[in-house]
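With positions in the sequence shown counted from 1, the corresponding number in my numbering is that position plus 812. Built from N, CA and C at the ideal position, the CB exists for glycine as well. Presented below is the structure to which this report refers.
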Amino acid sequence: MTHSPGTPEVPIRPYTVTAAEVVPGDLLALSREDAAQHRWHVVTHTLPESPEVIRVTLRPPLGGVDHEEALRRDQRVTVAGRRMDITAVPRASSPALDGVEFRDGDRLHRLRAVDPAAEEVTYVRRWGSWQLDSGEPGEGVSDAEVRRWAAGADREGDLVAHEPRPVRAAEAAGARRVVVTGLGAITPLGVGTGELWRGLLEGRHGIRELTDEEFDGLPVRIAGTVPVDPAGLLPRQAARRMNRAAQFAVLAAREAWADAGYAEGGTRESGLDPERVGVSLGAILGDASVLVGGDRRLRERGPRGVSPLTTPMTVPSQAASQVSLDLHITGEARTVSSACASGTEAIGQAVDRIRYGRVDVALAGGAEAVVTPAIMASFAAMRALAEGDPSGGSPSHPFAKDRDGFVNGEGAGVLVLESEEHARARGARVYCEAAGWGLSADAHHVAAPDPSGDGIALALRRAVRDAGGQLGDVVHVNAHATATVDGDLAEARALRGVLGRRDVPVTALKGHLGHLQGAAGGVEAVAAVLTLHHEVVPATVGCAEVDDAIDLDVVRGAPRALPSAGDLVLSNSFGFGGHNAVLALRRVG
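Listed below in structure tokens is the structure:
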């Protein structure tokens, strides 16, 4: 749509003249009311019709259709005190949109062409309604209203232009859309996504007292531990070659693989090219107990007492390699280690690998097993751990006025990601779109978050932008919220600064699960996908009274229906050293 470049930057100073004094180029208002309402036309032509009447041809100053007015020579009209180059004012008409089929992603440009100072306003169609492209939240405009705008545009002196979303075929060489087709989890709430989701909706927690003798003497002896031995759910020979985190990862990956509709056994049994499938898992340490146990045996028994499997079972990449082995995935098996943001960043990297054609399918998430005496003692020495009796309710209090630290935890969460065309071609059930992700770094402190929340805010904005969305599209945030005093406050400041005064429902799962470290992003992404799929937001456990300084709409008490006016859910993860990662998920129609 053209905005006339010939519009002079001269103030409008209305005054009245007779119609006989009007010449081409004048900005004309037919009445004082029109002038007050900034309704002007450019005189493009004058023609005497009779000794008493002049016929003038008028066009909106920013472009539009011509119309004629017959004016008496002595009739008083208002002019603007400036003239325009009529050759620079385009003739244009707004097409009717009655027969046009609108799609999400279409754009609509609207210009009040009779106002020389008007600016073009752009709307983008999202989730069935038209939203301002500025990203500011507001009431959506219906398709019917847009059609009425177009139908009356020429009469009202407006210009309306419809810009269809580019068809997917024209973008074949560009980024592909990525969707979620499978979910798997093993958490302190139990084995499987069913146990996870039921526990979240029922408000249960999986934080337990550590009763093993090796934890005796520690100042804090509670953690979010998986209630079953994962080794007992795997073939004995395979389990002996995996550390605890890898066992979690394999069990979660198997569940996700089956949930996506693939055959038990892996890629070959599913008829997939193993080179077009990848693994991307996050971990901080993986399983710290292997190295600690190897060192203990070295001291007690000497070098011959150390198992040859100690080194391959110690590395954080063991979870990804074991999933690759278990499902015969040869495309890639990558490990991301970025503190507590590891799981979310691993999912984001898998999204990009699929987007740009490196693989077609990926298992992505995180796995961790660091509930060990040394790690617990270290966290306690940092004064980072919460204390309390799990039998009286969750000791983890995210966003609460009485929060005093996180609860260490373990587990795994895995998503099956696919390119949309791959999933649709095989008739897969699609949970949602993995629409985008964002990273940033605080560059502030080795452990403490930047209290301003600026780094977190940058990751949030980048995730929404990468998803091709606007901040007004966000309908829910699955917060990182570990229940540390400074961490929760920094995240809340970032969310309020990015989302503005809109009350977007926020929930935090650390009260249910504890902090699963490198696995947190994977498990919380699973929960965010289920929130979109079931359109229900779980309540935050352990938050009896929200800290006044948090200033967020924290969902508490009971689950809440997911808002319908929008389509993006954000899943946040932030880690020691200032690692910030945010995943953006979108509803699919």
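- Message: Just verifying my parser: in three-state terms, what is the DSSP assignment at Gln1049?
- Response: As a first step, residue 1049 must be located in the sequence shown, where it is residue number 237. Note: Gln1049 maps to helix in three-state DSSP.
- Query: Just reading off the alpha helix (DSSP H) that Ile1187 is part of, what are its end residues?
  - Reply: By 1-based counting over the sequence shown, the position of residue 1187 is 375. Taken as a continuous stretch (DSSP letters only), the alpha helix (DSSP H) holding Ile1187 covers Pro1185 to Ala1193.
- Task: Can you give me the start and stop residues for the alpha helix (DSSP H) that Leu1137 sits inside?
- Result: The residue you call residue 1137 lines up with position 325 of the sequence shown. Residues Gln1130 to Leu1139.
- Message: For Arg1033, which residues in the same chain have their Cβ closer than 7 Å to its Cβ, ignoring the five residues on either side in sequence?
- Response: Here the question's residue 1033 lines up with position 221 in the sequence shown. Glu1021, Leu1022 and Phe1027.
- Message: On the criterion of 16 or more Cβ atoms from any shown chain inside 10 Å, does Glu1025 qualify as buried, or is it exposed?
- Response: For the purposes of this step, residue 1025 is taken as residue 213 along the sequence shown, with counting starting at 1. Per the 10 Å Cβ criterion, exposed.
- Query: On the three-state DSSP scale, how would you describe Pro1317?
  - Reply: As a working note, residue 1317 is residue 505 in the sequence shown. DSSP places Pro1317 in strand when its eight states are reduced to three.
- Can you name, in chain order, every residue of its own chain whose Cβ lies under 6 Å from the Cβ of Ala831, other than the five neighbours on each side? Within the sequence shown, residue 831 is the residue found at index 19, counting from 1. Answer for Ala831: Ile866, Leu883, Arg885, Gln887 and Val889, listed in chain order.
- Query: Exposed or buried, which one is Thr1079 when buried takes at least 16 other CB atoms within 10 Å?
  - Reply: The sequence position of residue 1079 within the sequence shown is 267, counting from 1. The residue in question, Thr1079, is buried, as its Cβ has 16 or more Cβ neighbours within 10 Å.
- Message: Using the three-state DSSP reduction, which class does Ala1057 fall into: helix, strand or coil?
- Response: For the purposes of this step, residue 1057 is taken as the residue at position 245 of the sequence shown. Helix at Ala1057.
- Go ahead and pull the three-state DSSP assignment for Phe1218. Counting from 1 along the sequence shown, the entry for residue 1218 is found at position 406. Three-state DSSP puts Phe1218 in a strand.
- What are the partner residues of Arg937, as DSSP defines its beta bridges? Stepping through the sequence shown from its first residue, residue 937 is reached at position 125. Partner(s): Trp942.
- Query: If Asn1392 and Ser1252 are in contact, beta carbons under 8 Å, what's the gap, nearest whole angstrom?
  - Reply: The residue you call residue 1392 lines up with position 580 of the sequence shown. The residue you call residue 1252 lines up with position 440 of the sequence shown. Contact holds; Cβ gap of about 5 Å.
- Item | 4 or more residues per run - each alpha helix (DSSP H) lying fully within the stretch 983-1033 | 1005-1014
- Message: According to DSSP, simplified to helix, strand and coil, what is Gly1078?
- Response: Counting from one through the sequence shown, the residue named residue 1078 turns up at place 266. Gly1078 falls in the coil class under three-state DSSP.
- Task: Determine the closest residue to Val891 out of Val901, Ala1196, Gly1178 and His853, with distance taken between C-alpha atoms.
- Result: Counting from 1 along the sequence shown, the entry for residue 891 is found at position 79. Among Val901, Ala1196, Gly1178 and His853, the Cα nearest to that of Val891 is on His853.
- Query: Is the number of C-beta pairs between the stretch 1181-1199 and the stretch 949-964 that are closer than 8 Å three or more?
  - Reply: no
- Decide yes or no for the touch test of the stretch 1256-1270 against the stretch 999-1008: beta carbon pairs closer than 8 Å, at least 3 of them. no
- Rounded to a whole number of angstroms, what is the C-alpha to C-alpha distance between Val1366 and Arg1313? Position 554 of the sequence shown, counted from the start, is the residue given in the question as residue 1366. Position 501 of the sequence shown, counted from the start, is the residue given in the question as residue 1313. Spanning the two alpha carbons is a distance of roughly 14 Å.
- Alpha carbon to alpha carbon, how far is Gly837 from Val855? As a working note, residue 837 is residue 25 in the sequence shown. As a working note, residue 855 is residue 43 in the sequence shown. Cα to Cα, Gly837 sits roughly 5 Å from Val855.
- Find out if the Cβ-Cβ distance for the pair Ala1057, Gly996 is shorter than 8 Å. For the purposes of this step, residue 1057 is taken as the residue at position 245 of the sequence shown. For the purposes of this step, residue 996 is taken as the residue at position 184 of the sequence shown. Not closer than 8 Å, so no.
- What is the residue span of the alpha helix (DSSP H) that Pro1124 lies within? Taking the sequence shown and counting its residues from 1, one reaches residue 1124 at position 312. That run of the alpha helix (DSSP H) goes Thr1122 to Thr1126.
- Task: Can you tell me which of the three DSSP states Asp1099 falls into?
- Result: Numbered from 1 along the sequence shown, position 287 holds the residue referred to as residue 1099. It is a strand residue.
- Message: By the three-class DSSP mapping on this structure, what secondary structure does Glu1112 have?
- Response: Here residue 1112 refers to the residue found at position 300 of the sequence shown. DSSP places Glu1112 in helix when its eight states are reduced to three.
- Coarse secondary structure for Thr1037, derived from DSSP in three states: Position 225 of the sequence shown holds residue 1037. Coil.
- Query: Can the beta-carbon of Gly1094 be found closer than 8 Å to that of Leu1325?
  - Reply: Here residue 1094 corresponds to residue number 282 of the sequence shown, with the count starting at 1. Here residue 1325 corresponds to residue number 513 of the sequence shown, with the count starting at 1. No, these two residues do not count as a Cβ contact at 8 Å.
- How would you label Tyr1168, buried or exposed, when you count the other beta carbons within 10 angstroms and need 16 or more for buried? Counted from its first residue, the sequence shown places residue 1168 at position 356. The residue is exposed, with fewer than 16 neighbouring Cβ atoms inside 10 Å.
- Task: Could you tell me which residues DSSP puts in a beta bridge with Val972?
- Result: Within the sequence shown, the letter at position 160 stands for residue 972. For Val972, which the question treats as bridged, DSSP gives the partners Arg922.
- For Pro1350, count neighbouring Cβ atoms within 10 angstroms of its own Cβ and tell me buried if that reaches 16, exposed if not. Counting from 1 along the sequence shown, the entry for residue 1350 is found at position 538. The residue in question, Pro1350, is buried, as its Cβ has 16 or more Cβ neighbours within 10 Å.
- Message: I believe Arg915 touches Arg937 by the beta-carbon criterion, under 8 Å. Please report the beta-carbon distance rounded to the nearest angstrom.
- Response: If you number the sequence shown from 1, residue 915 lands on position 103. If you number the sequence shown from 1, residue 937 lands on position 125. At roughly 7 Å, the Cβ-Cβ gap stays under 8 Å, so Arg915 and Arg937 are in contact.
- Task: Please state whether DSSP places Asp1359 in a helix, a strand or coil.
- Result: The residue labelled residue 1359 in the question sits at position 547 within the sequence shown. Three-state DSSP puts Asp1359 in coil, outside helix and strand.
- Message: So the candidates are Val1318, Gly1299, Ala1356 and Leu1397; which of them puts its Cα closest to the Cα of Gly1390?
- Response: On the sequence shown, position 578 is the one that residue 1390 refers to. Considering only alpha carbons, the answer is Gly1299.
- Task: Measure the alpha-carbon distance for Arg1399 versus Val1338 and round it to whole angstroms.
- Result: To locate residue 1399, count along the sequence shown from 1; it is residue 587. To locate residue 1338, count along the sequence shown from 1; it is residue 526. Rounded to whole angstroms, Arg1399 to Val1338 spans 14 Å at the Cα level.
- Spell out a yes or no on whether the stretch 1353-1372 and the stretch 1029-1044 are touching, meaning 3 or more CB-CB pairs, one atom from each, closer than 8 Å. no
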